[in-house]
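A.B. asks:
Shown next as structure tokens:
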């Protein structure tokens, strides 16, 4: 049992030294500790006492490997041309560069990572897409598809 404990301690030191332990959560650490205790109890010859922590650790590992569940449904945003111009603050003669510049200015201020909401960022993105699409349709000669 002594060499096994030394190997486990060596692996733990190696994980700490390489920085891989910084990415685990406290729950992960507790599961690893419980698994180590179960393994040590199994090695000592106490299968009933060691089997429960090993099974729980395995179940936790399977739970962590499950794919993430997304429960939120993103609703489409409805914006008309006049509202899109008002959102981005551009006039009706704005070219694509002005539309993109106004979008970039607004999205840097209202991005969800900077304190804005996802709904507002989605509305800003929809306004940009609508205005760019409207500009290209307006520039297309009639009769050409």
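Numbering (this note's numbering), first residue to last: 23 to 167. We put the beta carbon where it would ideally sit given N, CA and C, even for glycine.
#1: State the Cα-Cα distance for the pair residue 127 and residue 28, rounded to the nearest angstrom.
#2: Whole angstroms are fine: how far does the CA of residue 46 sit from the CA of residue 37?
#3: Cα separation between residue 120 and residue 113?
#4: Select from 101, 118, 109 the residue whose C-alpha is nearest the C-alpha of residue 132.
#5: State the Cα-Cα distance for the pair residue 62 and residue 129, rounded to the nearest angstrom.
#6: On the premise that residue 57 lies in contact with residue 79, defined as a C-beta separation below 8 Å, what is that separation, rounded to the nearest angstrom?
#7: State yes or no: is the C-beta of residue 158 within less than 9 Å of the C-beta of residue 106?
#8: CA-CA distance, residue 139 and residue 76?
C.D. replies: Well, looking at it:
#1: What you label residue 127 is simply residue 105 of the chain shown in a count that begins at 1. What you label residue 28 is simply residue 6 of the chain shown in a count that begins at 1. One C-alpha to the other measures close to 57 Å.
#2: Working through the chain shown from its first residue, we reach residue 37 at position 15. Working through the chain shown from its first residue, we reach residue 46 at position 24. When rounded, the distance between both Cα atoms is 11 Å.
#3: Within the chain shown, residue 120 is the residue found at index 98, counting from 1. Within the chain shown, residue 113 is the residue found at index 91, counting from 1. Cα to Cα, the separation comes out at about 9 Å.
#4: In the chain shown, the residue the question calls residue 132 occupies position 110. Closest option to residue 132, Cα to Cα, is 109.
#5: Numbered from 1 along the chain shown, position 40 holds the residue referred to as residue 62. Numbered from 1 along the chain shown, position 107 holds the residue referred to as residue 129. Approximately 55 Å, taken between the alpha carbons.
#6: Sequence index remark: in the chain shown, residue 79 carries index 57 (1-based). Sequence index remark: in the chain shown, residue 57 carries index 35 (1-based). At roughly 4 Å, the Cβ-Cβ gap stays under 8 Å, so residue 79 and residue 57 are in contact.
#7: For the purposes of this step, residue 158 is taken as the residue at position 136 of the chain shown. For the purposes of this step, residue 106 is taken as the residue at position 84 of the chain shown. Not a contact, by the Cβ cut-off of 9 Å.
#8: Counting from one through the chain shown, the residue named residue 139 turns up at place 117. Counting from one through the chain shown, the residue named residue 76 turns up at place 54. Near 43 Å, if we compare the C-alpha coordinates of residue 76 and residue 139.
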